[in-house]
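Structure record follows, encoded as structure tokens.
There are 2 protein chains.
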Amino acid sequence: MSVLSEVLASNAAYAEDFGDKGELALPPARGFAILTCMDARLDPAKYAGLAEGDAHVIRNAGGRASDDAIRSLVISYKLLGTKEWFVIHHSNCGMEFFTDDVIRGLLASSLETAALGDDGFYDVGTGPGAREGDYIDWLTITDQADSVTEDVRRIKAHPLVPAGIGVYGYIYDVTTGRLVEVPAATEAGRAG
Amino acid sequence: MSVLSEVLASNAAYAEDFGDKGELALPPARGFAILTCMDARLDPAKYAGLAEGDAHVIRNAGGRASDDAIRSLVISYKLLGTKEWFVIHHSNCGMEFFTDDVIRGLLASSLETAALGDDGFYDVGTGPGAREGDYIDWLTITDQADSVTEDVRRIKAHPLVPAGIGVYGYIYDVTTGRLVEVPAATEAGRAG
Numbered sequence: 001m002s003v004l005s006e007v008l009a010s011n012a013a014y015a016e017d018f019g020d021k022g023e024l025a026l027p028p029a030r031g032f033a034i035l036t037c038m039d040a041r042l043d044p045a046k047y048a049g050l051a052e053g054d055a056h057v058i059r060n061a062g063g064r065a066s067d068d069a070i071r072s073l074v075i076s077y078k079l080l081g082t083k084e085w086f087v088i089h090h091s092n093c094g095m096e097f098f099t100d101d102v103i104r105g106l107l108a109s110s111l112e113t114a115a116l117g118d119d120g121f122y123d124v125g126t127g128p129g130a131r132e133g134d135y136i137d138w139l140t141i142t143d144q145a146d147s148v149t150e151d152v153r154r155i156k157a158h159p160l161v162p163a164g165i166g167v168y169g170y171i172y173d174v175t176t177g178r179l180v181e182v183p184a185a186t187e188a189g190r191a192g
Numbered sequence: 193m194s195v196l197s198e199v200l201a202s203n204a205a206y207a208e209d210f211g212d213k214g215e216l217a218l219p220p221a222r223g224f225a226i227l228t229c230m231d232a233r234l235d236p237a238k239y240a241g242l243a244e245g246d247a248h249v250i251r252n253a254g255g256r257a258s259d260d261a262i263r264s265l266v267i268s269y270k271l272l273g274t275k276e277w278f279v280i281h282h283s284n285c286g287m288e289f290f291t292d293d294v295i296r297g298l299l300a301s302s303l304e305t306a307a308l309g310d311d312g313f314y315d316v317g318t319g320p321g322a323r324e325g326d327y328i329d330w331l332t333i334t335d336q337a338d339s340v341t342e343d344v345r346r347i348k349a350h351p352l353v354p355a356g357i358g359v360y361g362y363i364y365d366v367t368t369g370r371l372v373e374v375p376a377a378t379e380a381g382r383a384g
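Protein chains in written order, with the numbering used here: chain A, 1 to 192; chain B, 193 to 384.
Structure below.
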């Protein structure tokens with residue numbers, strides 16, 4: 001079965017058993033938001049105990065506090081009333097395994113998927129590539145605790161974020177499923 | 193119990209019953225990605241039938257093909273091998289209920305949450321506000337079928353996206369849990 005058929009079949013089963021979820025209100029019932037990575041191994045609803053209707057979930061490569069994540073967070077509190085936010089990066093994140101220079105070079109040489117070799121280097125591939133990757137900040141990560149702390153700081157310092165919002169910084173351990181606190185982020189994220 | 197304590201308690205229970213999920217590989221096992229809205233009522237793992245490890249999930253306000261979503265999608269295929277992408281907006285989305293001018297005005301007058309009155313207008317609130325909202329494109333939505341189609345088109349036309357990637361456009365109906373196809377997006381999203 002194709003991916004599309006599989007997704008639609010799963011969706012039909014979900015809708016069949018939808019219960020009273022059609023009556024949920026638009027604003028998150030539990031008043032918080034989670035910013036986390038797109039990584040396939042992470043299921044924030046499961047790892048943080050969310051039912052449908054509970055909380056906003058924002059996800060991108062790395063779980064970074066990008067301009068677009070800030071856009072989403074501001075809408076989350078300003079129009080939909082969230083008051084606490086989690087920034088959750090994770091161990092073994094793909095964003096640790098390359099730099100801006102690496103991905104720009106790979107995209108310039110080929111648009112096809114670059115396999116990661118046993119030697120820890122990506123296949124360069126053969127064209128056609130494109131140089132547009134040079135204009136993107138890929139928001140790669142060197143150290144997870146640092147990236148969580150920087151992102152919490154960026155959010156707290158943003159002129160559109162009121163001081164009263166508490167921001168919590170955690171790292172999700174993909175080998176255990178546990179959330180591990182980042183103390184420097186906790187310090188930076190305190191509600192004022 | 194506070195939100196933080198609740199999340200940590202739920203996480204401890206999840207980790208307790210983690211099974212062999214610690215051995216999942218980094219690249220998505222089913223080779224696809226979903227771009228959808230941060231809305232609390234949406235659980236993409238549930239509505240599309242994803243287990244941990246299956247697929248990348250990217251979420252922002254509206255599920256829009258923002259520059260940051262494009263960054264994430266390019267990493268998703270270029271380094272982690274996904275070949276099919278879903279763009280899934282939804283009915284009753286908060287992004288339909290305001291315009292750039294409205295949210296810029298609200299943020300300029302106050303940073304606190306603006307309640308939506310019975311008259312369909314947001315409370316203006318009292319200061320301090322900030323004008324930084326003027327520099328953000330809020331990516332609001334007028335019509336869901338149009339926004340899905342535009343976003344699929346933008347992704348397909350992006351110079352870093354190879355023609356071979358198929359992009360599917362759907363609207364999730366929050367009253368039924370069903371994914372409804374957007375035919376114009378299907379047309380625009382075909383793999384070349």
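Glycine included, every Cβ here is placed at the ideal spot set by N, Cα and C. This structure is a prediction, so every number in the text was calculated from the model and none was measured.
Residue i - DSSP class collapsed to helix/strand/coil
i      : result
R59/A  : strand
I165/A : coil
A184/A : helix
T149/A : helix
V279/B : strand
A300/B : helix
I136/A : coil
L8/A   : helix
A157/A : helix
L73/A  : helix
A207/B : helix
K363/B : The question names Lys, but residue 363/B is Ile in the sequence shown. In this structure, I363/B counts as strand in the three-state DSSP scheme.
Pairwise C-alpha distance: residue j and residue i
i      : j      : result
I363/B : T341/B : 10 Å
I226/B : V182/A : 29 Å
T332/B : D118/A : 44 Å
A257/B : A61/A  : 14 Å
R154/A : L160/A : 11 Å
T318/B : L79/A  : 15 Å
S10/A  : G255/B : 20 Å
T36/A  : A376/B : 31 Å
A204/B : D43/A  : 14 Å
G94/A  : L200/B : 25 Å
G177/A : A48/A  : 10 Å
G164/A : F121/A : 45 Å
L196/B : I280/B : 30 Å
I262/B : R190/A : 32 Å
G81/A  : E112/A : 42 Å
Classification of residue i by the beta-carbon crowding that lies within 10 angstroms, buried from 16 upward
i      : result
V74/A  : buried
A217/B : exposed
A114/A : buried
E187/A : exposed
P28/A  : buried
D20/A  : exposed
M1/A   : exposed
Y135/A : exposed
R104/A : buried
A247/B : buried
Neighbour flag for residue i against chain A, beta carbons, 8 Å
i      : result
M230/B : yes
K348/B : no
S202/B : yes
P351/B : yes
I375/B : The amino acid at residue 375/B is misidentified as Ile; the sequence shows Pro. Chain A contact via Cβ: absent.
F313/B : no
G245/B : yes
W330/B : yes
A383/B : no
G286/B : yes
Proximity test, Cβ basis, 8 Å: residue i and chain B
i      : result
V3/A   : yes
Q6/A   : Correcting the residue type first, residue 6/A is Glu in the shown sequence and not Gln. Closer than 8 Å: yes.
T176/A : yes
G117/A : no
T126/A : no
F32/A  : yes
E187/A : no
I141/A : no
S66/A  : yes
R104/A : no
A48/A  : yes
D43/A  : yes
H90/A  : no
G63/A  : no
Own chain partners of residue i with C-beta closer than 6 Å, once the 5 adjacent residues on each side are dropped
i      : result
V124/A : S109
P320/B : none
E96/A  : I141
D100/A : W138
E276/B : F224, G358
A337/B : V374
beta-carbon residue i near the ligand HEM non-hydrogen atom, thresh 7 Å
i      : result
L272/B : What this structure holds is no ligand at all, so the ligand HEM is not there to describe.
Close Cβ partners of residue i (< 7 Å) along its chain, the five nearest in sequence each way excluded
i      : result
V174/A : R41, H90, S91, N92
L242/B : P236
Interface partners of residue i on chain C, CB under 7 Å
i      : result
A130/A : Absent here is chain C; the protein component of the structure consists of chains A and B.
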